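S.K.: Following this message is one structure expressed as structure tokens.
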Amino acid sequence: MGFFARVACAGFAAFATVTAGSGIAAAAPTVTSGPVIGSVTLGTDTPGENWTCGLVGFATPSGLVFNSASTGQTVSSFAPGTAVSAACLNPQVLSFQTAYGTAAGS
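Set out below in structure tokens:
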């Protein structure tokens, strides 16, 4: 392969990586305190994005709690004021991201 062909391939690969990366980086899930004590609401910082997340947090009597939610859903199985972590998948842009939030306190 000639020099210019290699430069063109490398340039295209760099452009594709930056373009795809900027689209993925622009969309992110959010975990916010929900309307009920001990709840979180899963949202997104980009309108129209759909995330499905596995949520992990603590509940008062039982210890660790694992749950799942999609964009717009509220989960209320956590201890008030505890940290909640989310591992999220967005099939629209083939993205995997994590998010963190706090369950609504008393």
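Just so we're aligned: 39 in the numbering used here is position 30 of the sequence shown, and the numbers increase by one with no gaps anywhere. Don't be surprised by glycine CBs; every beta carbon is placed ideally from N, CA and C. Here the structure is a predicted model, which means the values were calculated and not measured.
What is the DSSP secondary structure of Asn59, reduced to helix, strand or coil?
M.R.: coil
S.K.: Does Ser71 come out as helix, strand or coil in the three-state DSSP assignment?
M.R.: coil
S.K.: Which same chain residues, not among the five before or five after Gln1, have their C-beta less than 8 Å away from its C-beta?
M.R.: Past the boundaries of the shown model lies residue 1; the chain is included only from 10 to 115, so the question cannot be answered.
S.K.: Taking the CB atoms as reference points, tell me whether Pro89 and Gly47 lie closer together than 7 Å.
M.R.: yes
S.K.: If you reduce the DSSP assignment to three classes, tell me which class Thr80 lands in.
M.R.: The three-state reading of DSSP puts Thr80 in coil, since its state is none of H, G, I, E or B.
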